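Okay, structure first, notes after.
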Amino acid sequence: MSKNHLKGFIPVILVFQPCNIFFIAAKNMLHGWNVDQEVAIIGNTLLFIITLISFLLAVRGLKNPNPHAFVRSVYMSVMLKLFVCIIAAFIYIAMYKSNLNKPALFLCMALYLVYTFLEVASLTKLLKQRKNA
């Protein structure tokens, strides 16, 4: 991945790090909001890793001169991210049926939306730079 593409991923990193630092440092505050700290940290980390993989797949498609390859790679990356998150949520729900922490699950859903928005914004920026180059 070139430096230009790495710059496109910086906003995601700038969300991941402060969120995890907050989740670690604000254990009592999260407990007051009934948010399980472990679920928040693991969910944020999983979303970051999946977003990184998704971003790399889309960037690989962006390098292809065929515009259809880029569209396919973006669809594939979005579907991969969605299905991995759904599977992780179902695993969590199946394991902790009685002790399910809904606030943490909703927090992870909000983070999913934030990461997806940042990824799409970064890919759009890279696509515009590619057209101008």
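With the first letter of the sequence shown counted as 1, position 114 gets the number 176 in the numbering used here; the numbers rise by one all the way through.
Ideal Cβ positions, reconstructed from N, Cα and C, are used throughout, including at glycine.
This one's a predicted model, so the numbers in the text were calculated from it and none came from an experiment.
Check: Helix, strand or coil at L114 [DSSP, three-state]; Outcome: helix
Check: For N163 and F71, the rounded distance between their alpha carbons; Outcome: 30 Å
Check: S184 versus V140: straight-line alpha-carbon distance, rounded; Outcome: 14 Å
Check: Option in I112, Q99, N161 with minimal Cα separation from I149; Outcome: I112
Check: Inter-stretch contact (C-beta, 8 Å, three-pair minimum) for the region 129-143 and the region 157-171; Outcome: no
Check: Same chain, Cβ closer than 7 Å to N126, neighbours up to 5 away in sequence not counted; Outcome: F132
Check: Limits of the alpha helix (DSSP H) - the one that V140 falls within; Outcome: 129-157
Check: Range covered by the alpha helix (DSSP H) that runs through L92; Outcome: 89-94
Check: Cβ-Cβ separation, L188 to L124 (assumed contact under 8 Å), whole Å; Outcome: 6 Å
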